[in-house]
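Comments concern the structure below.
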Amino acid sequence: MMKQRRNDKTHHQEGTDFLQMMMDASIEEGKDNNNDDGQTVKHSVRHLSTDEIVAQCILFFVAGYETTGTALTFISYNLAMNPDVQEKAYGEIKEILGNEEPNYDNIGKLKYLDNVISETLRLYPPGYVLDRCVSETTQIKGLTFSKGQTILIPVMAIHRNPQLYDDPDSFKPERFEDQDKTIAFQSFGFGPRACIGMRLALVELKVALVNVLRAVKFDRTPDTPEVLTFAQNPNFLQTDKDIILKVSPRC
Ligand code: HEM
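Listed below in structure tokens is the structure:
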């Protein structure tokens, strides 16, 4: 796409998408400056190389699609395993949206669906371990973190800590009712490097779930695992066996 856009300027639609913004960021805009000795020096501007642009595009596919797809898998599983929750979520959609198409404004009213998503992301966070690089040597509660060290944040273990969550292994969407999320909820990370796509992800998940739950019902089968077990060291949380569910039309 980059080659095509560079060769065929007539199709160039400036600033209309992510790829174009990165390609524009790679254009050298530097001016020549005079230094103290009166010599002209080329003012160099840091720009994105082709490899960096490709890397960012791959990150966007991985961070943006795999995570949301993984979340939908675990939500479908939880709904199949908890039929009362599924009916309550479906009932909320019927009551609040009626036959309206889901959109940015009306999905905000689906509070119970939001709790189902949060509770699933708590039990099964697609990004189950996060990392940070220590920028300055620092001490916290007697532990030294040295500059340059990488530290791992065990998100899944934090989410299952009984000191932070009552009955942590149970699926209880109600626990998020009227409760602001604290640093004990790290499914989208925390701080300045938290997930930049969180809002989009929540919109995508809700629109997908409204459409799916209106059309079909998820049920467990004899092959559906009672307790999920996980693959070793995947990039995103992944079960070691397929999750098999029965999907039947609602009407
Ligand atoms: C359910 C869906 C998603 C989950 C669970 C998720 C989770 C995460 C997590 C845990 C991080 C690391 C945060 C940290 O280290 O503090 C992250 C970073 C990121 N996410 Fe997401 N994400 C999701 C969807 C998306 C979507 C839809 C996009 C883009 C369209 C996206 C783009 C990114 C990017 C670019 C980063 C890196 C941010 C940075 O380093 O500054 N994510 N995400």
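Numbering (numbering that gives the first Met the number 0), first residue to last: 0 to 250. C-beta: ideal position from N, C-alpha, C; glycine also.
Next on the checklist: Under DSSP, the beta strand (DSSP E) around Val215 begins and ends at which residues?
Outcome noted: Going by DSSP, Val215 is part of the beta strand (DSSP E) stretching over 215-218.
Item to check | Whole-Å CB distance - Pro125 paired with Phe235, under 8 Å assumed | outcome: Indeed, because the Cβ distance is near 5 Å, the residues count as touching under 8 Å.
Checklist entry - Among Lys2, Asn98, Lys140, which one has its Cα closest to the Cα of Val53? => result For Val53, the closest C-alpha among the options Lys2, Asn98, Lys140 is that of Lys2.
Checklist entry - Going by the CB atoms, is the gap between Tyr76 and Ile242 shorter than 8 Å? => result Between Ile242 and Tyr76, the C-beta spacing is below 8 Å.
Item to check | Continuous beta strand (DSSP E) stretch holding Lys245: start and end | outcome: That run of the beta strand (DSSP E) goes 245-248.
Checklist entry - Taking the continuous beta strand (DSSP E) assigned at Phe144, which residues delimit it? => result Counting along the chain, the beta strand (DSSP E) containing Phe144 begins and ends at 142-144.
Checklist entry - Is Leu122 closer than 8 Å to Phe170 when the C-beta atoms are compared? => result Against a cut-off of 8 Å, the Cβ pair of Leu122 and Phe170 comes out as a contact.
Next on the checklist: If you reduce the DSSP assignment to three classes, tell me which class Cys139 lands in.
Outcome noted: Per the sequence shown, the amino acid found at residue 139 is Ile instead of Cys. Strand, per DSSP.
Next on the checklist: Shorter than 7 Å, the distance from the beta carbon of Ile106 to the closest heavy atom of the ligand HEM, or not?
Outcome noted: In this structure, Ile106 has its CB at a distance of at least 7 Å from all heavy atoms of the ligand HEM.
Checklist entry - Is Arg121 near the ligand PLP, going by C-beta to nearest heavy atom under 7 Å? => result The model depicted lacks the ligand PLP and carries the ligand HEM instead.
Item to check | Proximity below 8 Å, CB of Glu203 to CB of Thr67 | outcome: Yes. Within cutoff.
Checklist entry - Touching or not, the segment 90-104 and the segment 215-230, by the rule of three or more beta carbon pairs under 8 Å? => result The answer is no - the segment 215-230 does not touch the segment 90-104, with fewer than three Cβ pairs under 8 Å.
Checklist entry - Cα separation between Met22 and Leu208? => result In a straight line, the C-alpha of Met22 is about 35 Å away from that of Leu208.
Item to check | Cα-Cα separation, Ser247 to Val84 | outcome: Distance between the alpha carbons of Ser247 and Val84 is about 17 Å.
Next on the checklist: Please classify Tyr251 as buried or exposed, where buried requires at least 16 neighbouring CB atoms within 10 angstroms.
Outcome noted: Shown here, the chain extends from 0 to 250; a query on residue 251 therefore has no answer.
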